[in-house]
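Those protein sequence lines, which keep their order, are chains A and B. Numbering-wise, our numbering puts 374 at position 374 of the first sequence, and it's gapless, one number per residue. Quick note, our numbering runs 1000 ahead of the 1-based positions in the second sequence. Ideal Cβ placement from N, Cα and C applies to all residues, glycine included. Remember, predicted model here, so these are calculated numbers, not experimental data.
Protein chains: 2
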Amino acid sequence: MTGDASRTALARDTGLTPGAITRAVRPLLEVGLLHETGDRAPAEGTLGRPATVVTVQAEAHLVIGVKVTADELFGVLCDLRCRVLDEVTVPVRDHRPEAIVEQITDLVAGLRAGHPEVGSIGLAVSGDVDAASGHVAYSPFLTWRDVPLGEQVAERTGLATTVENDVRALLTGERWYGVGRGLSSLALVTVGTGIGCALLVNGQVVHGSFGVAGEVGHVLVDPDGPLCHCGNRGCVEAIAGTAGILERMAQAGFGGLGIGDVADLARSGQPDAVRVLADAGRAVGTGIATIANLLGAQHIVITGEAIGSSPAPDDRGEGRPAGDERDYDVMDPHVRRAFEQRAFGSAASAAIELRPLRFVDWARGAAACAVEDFVTHYGRS
Amino acid sequence: MTGDASRTALARDTGLTPGAITRAVRPLLEVGLLHETGDRAPAEGTLGRPATVVTVQAEAHLVIGVKVTADELFGVLCDLRCRVLDEVTVPVRDHRPEAIVEQITDLVAGLRAGHPEVGSIGLAVSGDVDAASGHVAYSPFLTWRDVPLGEQVAERTGLATTVENDVRALLTGERWYGVGRGLSSLALVTVGTGIGCALLVNGQVVHGSFGVAGEVGHVLVDPDGPLCHCGNRGCVEAIAGTAGILERMAQAGFGGLGIGDVADLARSGQPDAVRVLADAGRAVGTGIATIANLLGAQHIVITGEAIGSSPAPDDRGEGRPAGDERDYDVMDPHVRRAFEQRAFGSAASAAIELRPLRFVDWARGAAACAVEDFVTHYGRS
DNA sequence: CGCCTTTCTTTGTCGCTGTCAATTAAGTCG
DNA sequence: CGACTTAATTGACAGCGACAAAGAAAGGCG
């Protein structure tokens, strides 16, 4: 799955005959998408002819991924293995579609300079995205409705362009290049300002019949809970989203705090902060258990601003930079306890994993969508 | 999708060339699985050569479906279109695996008599079923663990045998032969003793990584709600399952009632019954909204003992037979209101449909699984 | 050292599917 | 009747993959 394997191993993994592999591999070697490493495979000690390892020539085709928000554009240049070769951030001046298309075009031109191998673009946008047509049906943050973003960027750049919802793009990245490798059932939950989610079921990303899916943020946790922006009470997001947490702290007399301050207060034992973040953790855990119960998810990845961006959270609670938005570490035990309590039967076997998230990861997800498209459409049209 | 179509129509629907259809259809005509009706297709008024309609010869291959419970076996004889040709019910004397296999063998022999076209069997069992291997991993009601039911029945009867979880079997029947025809996203919710659910996502039935999926009965509705047998409080099933409803009525001083009595009381305006069933309806509606929010289900079918078995509920509330278990009609407005309230954005576009359910439908679902297996495996081995 | 065994890889042959582009079939309409 | 229209069939061909035999590249061993 990493792209390094002997032909025999490929035959075994794919269920095809060695002969079929030879024939499938040859043209790809010729165009340079694969190449043989000098390595002789399973090292020493074995009899017989040593296997020659073939691997993807990751630099043969480069892609650009862009995460589009109303404030900034995050762009990355990736190779076929979705390794980030270059990255750039651009503030958004004007978030009308034409202006964004213009800025994306410039950003792409910049990343593309000196890299003629760039062949496709992936764009990640929050909201209701129709990946098939490349249209952004509705994006609240950008205040867009039915924008043919894919077509426009493809026309301006001359590159094949894929558009996808941002969380689903992140899931795609994780599924092919992250912890989700080889899994056919995966849920990716983002915890931060909002509580988002993208789902992989039976090896396929769930898009939802009406463009809506994975709305774990609006799972009910407490009918007497705080009011959510969706109009209901007690949604996961109303309890565990940043705004909800700050609101409840303000009600307890702690106005004007940042989420990092709340986490710090909780770490130092302040009862209101401890209670509010415990409630938030239970809400997230309940949402995750609901996913596990309904879908039988094999693996659940939690990520988002609340997790932070460095691999291991600093457990000492000191030396943390000002404005740090991490609060998940405080919530985590409550998340897990609520999950274990509410997961039904063997649904509790789902593995929960934390994954720090940097902003480039969103862009990398977009790039992963572009790679996926390139790989699946290769050879056609 | 009903099996009646001209070759041209098939070509359009499948995306294949007319020529490919001709070649695909011919051998099936020869073995008698398809046949040409004399009809000339799109009736009058059109130019050109009239199309000849081909249709499945439903009687060419018959299947037997059996729903296995700890009390009774329900068996049906179906044709390839899953129309029920014969049905039989047998009380279960002894629910140990060997005894059940024995009874299934007898039941099959009875339905099979005089029908040499019978070629496969479908078995529907509640609990954790591994459809791939035909093993019943765990069935609480039958108190079975890891029973190789498929193998045993296949050996005894000499017929290809498919085993599936009962609710998923019902979904399969609905998906191919019921309201779900042509849909790629469907949720089937059963309301009665328990609250069950099976899900179709991206055209595939969700089995869950650990054999658990669709547990909408254990979605949280109210953290202060009644205790559920799963150990938590306020699950949908604890509030809207038959046992939960009766329990709450008993707490209000109405002990010893049946579910039909509760419904009748509610219809006559008795406040406790009205409240208890309204709570139940809201719980079901919340569960359904959760499915819609997470999966973007296109269509939701509600069925189960609570719906009753005749096509249209008798609205006058009189002349109902004693012991009628229908209570859903009282719950329905609350279900819909809760659904509309909690469905997020366009997830509310999901169509909700009621479907009366007779016990033979369960068996027919099992038959549908057998037909599905026959169709997909036809031509191999 | 040369031959044997083992394992990986390639290649020739074949069948299956499905496309493409005629060709044939069966109607309607003027 | 002949032009037109749509349906169905057919032959030629291409792609994919199975199967089996052959070739290649090692190590072991007499």
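Please list the residues of the stretch 264-292 of chain A that have a C-beta atom closer than 7 Å to any C-beta atom in chain B, keeping them in chain order. Thr286, Thr290, Ile291
Determine contact between the stretch 171-183 of chain A and the stretch 126-141 of chain A, defined as no fewer than three beta-carbon pairs at a distance below 8 Å. no
Considering Cα atoms alone, identify which of A:Asp94, A:Arg96, A:Cys78 is closest to Val88 of chain A. Sequence index remark: in the first sequence, residue 88 of chain A carries index 88 (1-based). Measuring from the Cα of Val88 of chain A, the nearest candidate turns out to be A:Cys78.
Answer yes if the stretch 1011-1028 of chain B comes into contact with the stretch 355-364 of chain A, meaning at least three C-beta pairs across the two stretches below 8 Å, and no otherwise. no
Short CB-CB distance (under 8 Å) between Gly147 of chain A and chain B: Your numbering for residue 147 of chain A matches position 147 in the first sequence. The amino acid at residue 147 of chain A is misidentified as Gly; the sequence shows Val. It does not: the Cβ of Val147 of chain A has no partner Cβ on chain B nearer than 8 Å.
Does the CB of Arg1342 of chain B have a neighbour CB from chain A at under 8 Å? Counted from its first residue, the second sequence places residue 1342 of chain B at position 342. Chain A contact via Cβ: present.
Please classify Gln1152 of chain B: is it buried, with 16 or more other beta-carbons within 10 angstroms of its beta-carbon, or exposed? Position 152 of the second sequence holds residue 1152 of chain B. Result: buried.
Between the alpha carbons of Lys1067 of chain B and Val1076 of chain B, how many angstroms are there, rounded? On the second sequence, residue 1067 of chain B is found 67 positions in, with the first residue counted as 1. On the second sequence, residue 1076 of chain B is found 76 positions in, with the first residue counted as 1. Approximately 9 Å between the Cα atoms of the pair.
Starting from Gly65 of chain A, trace the beta strand (DSSP E) in both directions and tell me its first and last residue. Walking along the first sequence from the start, residue 65 of chain A turns up at place 65. First-last of the beta strand (DSSP E) with Gly65 of chain A: 62-68.
How should Thr14 of chain A be labelled, buried or exposed, when 16 other C-beta atoms within 10 angstroms of its C-beta is the threshold for buried? Here residue 14 of chain A refers to the residue found at position 14 of the first sequence. With fewer than 16 Cβ atoms within 10 Å of its Cβ, Thr14 of chain A is classed as exposed.
Can you give the beta carbon distance from Val163 of chain A to Val125 of chain A, rounded, assuming they're within the 8 Å contact cut? Within the first sequence, residue 163 of chain A is the residue found at index 163, counting from 1. Within the first sequence, residue 125 of chain A is the residue found at index 125, counting from 1. That pair is a contact at about 7 Å.
If you measure beta-carbon to beta-carbon, which residues of the stretch 217-228 of chain A are closer than 7 Å to chain B? His218, Val219, Leu220, Val221, Asp222, Pro223
Candidates A:Leu171, A:Ala169, A:Leu149, A:Ile259: which alpha carbon is nearest Thr161 of chain A's? The residue you call residue 161 of chain A lines up with position 161 of the first sequence. Of the listed residues, the one whose Cα sits closest to Thr161 of chain A is A:Leu149.
Contact between the stretch 102-117 of chain A and the stretch 132-143 of chain A: three or more CB pairs below 8 Å? no
Are the beta-carbon atoms belonging to Ala1347 of chain B and Val371 of chain A less than 8 Å from one another? Here residue 1347 of chain B refers to the residue found at position 347 when the second sequence is read from its first residue. Here residue 371 of chain A refers to the residue found at position 371 when the first sequence is read from its first residue. It is not a contact, given that the beta carbons lie outside the stated cut-off.
Taking buried to mean at least 16 other C-beta atoms within 10 Å of its own C-beta, is Asp1222 of chain B buried or exposed? By 1-based counting over the second sequence, the position of residue 1222 of chain B is 222. Asp1222 of chain B should be labelled buried.
Give the residues of chain B in contact with Cys230 of chain A, contact being defined as C-beta atoms less than 7 Å apart. In the first sequence, counting from the first residue as 1, residue 230 of chain A sits at position 230. Chain B residues near Cys230 of chain A: Phe1344.
Is the Cβ-Cβ distance between Thr1172 of chain B and Val1118 of chain B less than 8 Å? Here residue 1172 of chain B is taken as the residue at index 172 of the second sequence, counted from 1. Here residue 1118 of chain B is taken as the residue at index 118 of the second sequence, counted from 1. No. Outside cutoff.
Tell me whether the beta-carbon of Val330 of chain A lies closer than 8 Å to the beta-carbon of Ile288 of chain A. What you label residue 330 of chain A is simply residue 330 of the first sequence in a count that begins at 1. What you label residue 288 of chain A is simply residue 288 of the first sequence in a count that begins at 1. No.
Ordered list of beta strand (DSSP E) runs contained in the stretch 145-228 of chain A, each at least 3 residues: 160-165, 186-191, 195-201
Alpha carbon to alpha carbon, what distance is there between His61 of chain A and Asp373 of chain A? As a working mapping, residue 373 of chain A is identified with position 373 in the first sequence. As a working mapping, residue 61 of chain A is identified with position 61 in the first sequence. Using only the alpha carbons, I get a separation of about 12 Å.
Secondary structure of Ala1351 of chain B, DSSP reduced to three states: Position 351 of the second sequence holds residue 1351 of chain B. Ala1351 of chain B: strand per DSSP, three-state reduction.
Thinking C-alpha only, which one of B:Ala1306, B:Ala1238, B:Gly1231, B:Leu1029 is nearest Val1262 of chain B? Numbered from its first residue, the second sequence carries residue 1262 of chain B at position 262. Of the listed residues, the one whose Cα sits closest to Val1262 of chain B is B:Ala1306.
Is the number of C-beta pairs between the stretch 1247-1263 of chain B and the stretch 247-260 of chain A that are closer than 8 Å three or more? no
Which residues, in order along the stretch 1199-1214 of chain B, keep a beta-carbon less than 8 Å from a beta-carbon of chain A? Leu1199, Val1201, Asn1202, Gln1204, Val1206, His1207, Gly1208, Ser1209, Phe1210, Gly1211, Val1212, Ala1213, Gly1214
Partner residues on chain A for Gly1296 of chain B, Cβ-Cβ distance less than 9 Å: As a working note, residue 1296 of chain B is residue 296 in the second sequence. Those are Val206, His207, Gly208, Ser209, Phe210, Gly211, Val212, Ala213, Gly214, Glu215, listed as they occur along chain A.
Would you call Gly1158 of chain B buried or exposed, if buried means 16 or more other Cβ atoms sit within 10 Å of its Cβ? Taking the first residue of the second sequence as 1, we reach residue 1158 of chain B at position 158. Burial call: exposed.
Which class does Arg112 of chain A belong to by DSSP, given the choice of helix, strand or coil? Against the first sequence, residue 112 of chain A aligns to sequence position 112. Helix, per DSSP.
Where Gly1317 of chain B and Gly1244 of chain B are concerned, what is the direct C-alpha to C-alpha distance, given to the nearest angstrom? What you label residue 1317 of chain B is simply residue 317 of the second sequence in a count that begins at 1. What you label residue 1244 of chain B is simply residue 244 of the second sequence in a count that begins at 1. In this prediction, Gly1317 of chain B scores a pLDDT of 40, lower than 50, which makes its location untrustworthy; the coordinate-derived value is nonetheless stated afterwards. Going from the Cα of Gly1317 of chain B to the Cα of Gly1244 of chain B covers about 23 Å.
What number of angstroms, rounded off, separates the C-alpha of Ala1011 of chain B from the C-alpha of Ala1051 of chain B? The residue labelled residue 1011 of chain B in the question sits at position 11 within the second sequence. The residue labelled residue 1051 of chain B in the question sits at position 51 within the second sequence. Each residue's Cα considered, the two are about 12 Å apart.
I'd like the span of the alpha helix (DSSP H) that includes Glu117 of chain A, first residue to last. Here residue 117 of chain A is taken as the residue at index 117 of the first sequence, counted from 1. Run containing Glu117 of chain A: none; DSSP gives neither H nor E here.
Alpha carbon to alpha carbon, what distance is there between His1135 of chain B and Tyr1378 of chain B? Within the second sequence, the letter at position 378 stands for residue 1378 of chain B. Within the second sequence, the letter at position 135 stands for residue 1135 of chain B. Looking at the two C-alpha atoms, the distance is approximately 22 Å.
Alpha helix (DSSP H) segments (min. 4 residues) lying fully within the stretch 246-299 of chain A: 259-267, 271-295
Tell me, which residues are paired with Tyr138 of chain A by DSSP? Walking along the first sequence from the start, residue 138 of chain A turns up at place 138. In DSSP, Tyr138 of chain A forms a bridge with A:Asp128, A:Arg145.
Label Ala1322 of chain B either buried or exposed according to how many other C-beta atoms from any shown protein chain fall within 10 Å of its C-beta, with 16 as the threshold for buried. Your numbering for residue 1322 of chain B matches position 322 in the second sequence. Here Ala1322 of chain B scores only 44 on pLDDT, less than 50, and its place in the model is too uncertain to base an answer on.
Boundaries (first-last residue) of the beta strand (DSSP E) holding Glu72 of chain A: If you number the first sequence from 1, residue 72 of chain A lands on position 72. 72-78 is the span of the beta strand (DSSP E), which, as asked, contains Glu72 of chain A.
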